[in-house]
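Structure, as structure tokens:
Rendered as structure tokens:
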């Protein structure tokens, strides 16, 4: 008997598949990660109960989630926006750091009342992040130099500069630690409610701005058009150069605001390891929420829950919080696997004749 | 000065081997048209796996082999996603780095306390007595020699073997290769798996020969430098040898720059102007940016200069291939 696997492109995606995919991928990632927990002799159900139930039902868990969500949402937007124009910004981490450094410098060296100082810190951060993102954007827009590689490499440049500044010119506080001096009260982002700083408002505002820009303005239309077919867009009189530069520069500014929010809102000073790579987590966030800025917000909140829950799990069970990284990676790996089944219909075909016209992506493999 | 130079060269060789192994693997994968940004994760998996096997069995060669196998295992996921499922290579690669980092941190914490003897150093008679360079180049671990040998192997494989030439054709023009009867899928799988094996070997060398211990995240961005190195080398094995030693030298200089005095004497003209600049440029962290900046410059220069089509980037890099024509 002749058994063949047929793979055909789907005409349209059934609704259950479209809406079920994110849920399915998250559940699959949790299921596989449960094996990892079991291998370290930890009961996965108990660990997940700590991770999610405790985070979502205690005041501490909820405030921490909102605080962590601020940089995650903002860096998520920094990846999301270029993605809409068909570009890959995997350097949001570097833009976050560049912005955080510039904003911190202003916060430590300029004396103004808080109402003026905090916005000035955000502005300085945004400019630095925009410049940092502008380099790969310009190289891509002008010369077609691959923005994926350059934005990534600039992240490592930013990390080295951060290390230089915190051990040299910007080093402060007691001891010889790689950290800056503490912020004054004026340079600290005020709290909205107990434990939640006003950076959350900035993040939500930027989500709204992005949403309106993408869905209600001509600019958003141009970005989407260039993203889907830049040659046709250019024939329609749109400027690919302008769009490429814009999505990156605005994205970089978003990531930078995420950086300074975390430092001036949650940390109180710049520490060398003040964040666990939010700019890299931004990639799964943007991929999970790539259909709209609102979904980026939701994905950011979800990953914030993971981060907070991961820390509680580490304390309660003594297992490394690195499980969170495994879950994040698996969510996206399952997501891109699911994309395939969303776009192609796979079916088993028995007794297929030699004249079967089905498409075999495995080609001459078998 | 002589001992400084000898020490510097020794550290350069050690740093270069890691980059060379990982870079050669990435080069093969990219020449076949598959970008692998999971190198860092594959190196970490190889480093931890190799370390555990060496601690348990006492054999560093078994550990080295385990590192290669584990690197290939993670690469298999990349191959399946990018080649069979035609997923985005960038997404898959970045996520595999994240996965490799997560897995090794999660399972590796128990092994941080262990220590091993690691690969012994082999001295080549007579050559080792050459002043300055002898100790650095001719008293090394077997894996250092292996990495150098691999440059020749990869160069020969890609330029003079049928399989290698087919592999390059798959990375340049998969449709044409398919028409000529070359199996695009099989060769891309092979290239990605070889690449993963090299990355795993680089990681195993790192934990077994270079530092002889395991620390989470011990690759410290070397996988990304390897990706940069491939561009810097313009996808050519021999240039990669030069690039790996250049980047290795920068790495070695970073740790020693403080003891190196390149500043002008206080009476020299312009000393007050030049010296602060030199001192700044020789700061270890600032030197740490050079490999990345150099790669950006080389990449930009190559792209801009070769608008006239001389860039060596494989034409079908990042493109998944399917036989569907409609």
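Residue numbers (my numbering), protein chains in the order written: chain G, 1 to 366; chain P, 1001 to 1326. Cβ coordinates follow ideal geometry from the N, Cα and C atoms, glycine included.
Ignore the nearest five residues each way along the sequence and tell me which others in residue i's own chain have a CB closer than 6 Å to its CB.
i, result
"residue 1094(P)", "1037"
"residue 47(G)", "37, 313 and 317"
"residue 63(G)", "195 and 196"
Would you call residue i buried or exposed, if buried means 16 or more other Cβ atoms sit within 10 Å of its Cβ?
i, result
"residue 1019(P)", "buried"
"residue 1301(P)", "exposed"
"residue 1110(P)", "exposed"
"residue 1278(P)", "exposed"
"residue 176(G)", "exposed"
"residue 1251(P)", "buried"
"residue 162(G)", "buried"
"residue 1305(P)", "exposed"
"residue 97(G)", "buried"
"residue 156(G)", "buried"
"residue 16(G)", "exposed"
"residue 1059(P)", "exposed"
May I ask you to check if the CB of residue i is nearer than 6 Å to at least one heavy atom of the ligand FMN?
i, result
"residue 1302(P)", "Inclusion of the ligand FMN in the displayed structure is not the case, the ligand content being empty and no account of it being possible."
Just how far apart, CA to CA, sit residue i and residue j?
i, j, result
"residue 29(G)", "residue 1075(P)", "19 Å"
"residue 1079(P)", "residue 31(G)", "23 Å"
"residue 1203(P)", "residue 1144(P)", "13 Å"
"residue 1015(P)", "residue 284(G)", "32 Å"
"residue 266(G)", "residue 65(G)", "12 Å"
"residue 301(G)", "residue 289(G)", "11 Å"
"residue 111(G)", "residue 122(G)", "15 Å"
"residue 1321(P)", "residue 1083(P)", "7 Å"
"residue 1158(P)", "residue 1189(P)", "16 Å"
"residue 1086(P)", "residue 1318(P)", "10 Å"
"residue 1131(P)", "residue 1028(P)", "36 Å"
"residue 1042(P)", "residue 165(G)", "31 Å"
Under 7 Å, Cβ to Cβ, is there at least one residue of chain P near residue i?
i, result
"residue 163(G)", "yes"
"residue 145(G)", "yes"
"residue 325(G)", "yes"
"residue 150(G)", "yes"
"residue 119(G)", "no"
"residue 285(G)", "no"
"residue 247(G)", "no"
"residue 201(G)", "no"
"residue 196(G)", "no"
"residue 166(G)", "no"
"residue 314(G)", "no"
"residue 157(G)", "yes"
So which of the options has the shortest CA-CA distance to residue i?
i, options, result
"residue 1113(P)", "1055(P), 1168(P), 1133(P) and 1128(P)", "1055(P)"
"residue 183(G)", "143(G), 260(G) and 149(G)", "260(G)"
"residue 178(G)", "23(G), 64(G), 271(G) and 324(G)", "271(G)"
"residue 103(G)", "129(G), 80(G) and 91(G)", "129(G)"
"residue 1238(P)", "1152(P), 1134(P), 1048(P) and 1047(P)", "1152(P)"
"residue 238(G)", "218(G), 257(G), 254(G) and 255(G)", "218(G)"
"residue 1106(P)", "331(G), 344(G), 343(G) and 326(G)", "326(G)"
"residue 24(G)", "344(G), 301(G) and 332(G)", "332(G)"
"residue 241(G)", "315(G), 145(G), 294(G) and 154(G)", "145(G)"
"residue 34(G)", "337(G), 342(G), 338(G) and 330(G)", "330(G)"
"residue 1115(P)", "1091(P), 1213(P), 1180(P) and 1123(P)", "1213(P)"
"residue 323(G)", "335(G), 334(G) and 310(G)", "310(G)"
"residue 125(G)", "307(G), 335(G), 250(G) and 280(G)", "250(G)"
"residue 282(G)", "81(G), 165(G), 19(G) and 26(G)", "81(G)"
"residue 1026(P)", "1207(P), 1064(P), 1224(P) and 1181(P)", "1224(P)"
"residue 1096(P)", "1052(P), 1035(P) and 1119(P)", "1035(P)"
Looking only at its chain, what residues have a beta carbon closer than 8 Å to the beta carbon of residue i, apart from the 5 residues adjacent to it on each side?
i, result
"residue 1255(P)", "1011 and 1284"
"residue 1314(P)", "1030, 1031, 1032, 1033, 1168, 1171, 1172 and 1235"
"residue 292(G)", "211, 214 and 215"
"residue 108(G)", "170, 172, 180, 181, 183 and 187"
"residue 1184(P)", "1170, 1174, 1177, 1178 and 1321"
Please list, in chain order, all residues of the same chain as residue i whose beta carbon is under 7 Å from its beta carbon, the five residues on each side excluded.
i, result
"residue 85(G)", "223, 226, 227, 243, 244 and 247"
"residue 1310(P)", "The predicted model places residue 1310(P) with a pLDDT of 49, which falls under 50 and marks its position as unreliable, so this point remains unresolved."
"residue 99(G)", "125, 126, 128, 129, 255, 256, 257, 259 and 260"
"residue 83(G)", "286 and 290"
Would you please verify whether the beta carbon of residue i is less than 7 Å from any beta carbon of chain G?
i, result
"residue 1019(P)", "no"
"residue 1099(P)", "yes"
"residue 1090(P)", "yes"
"residue 1145(P)", "no"
"residue 965(P)", "A query on residue 965(P) cannot be resolved here, the shown segment of chain P reaching from 1001 to 1326 and no further."
"residue 1115(P)", "no"
"residue 1167(P)", "no"
"residue 1095(P)", "yes"
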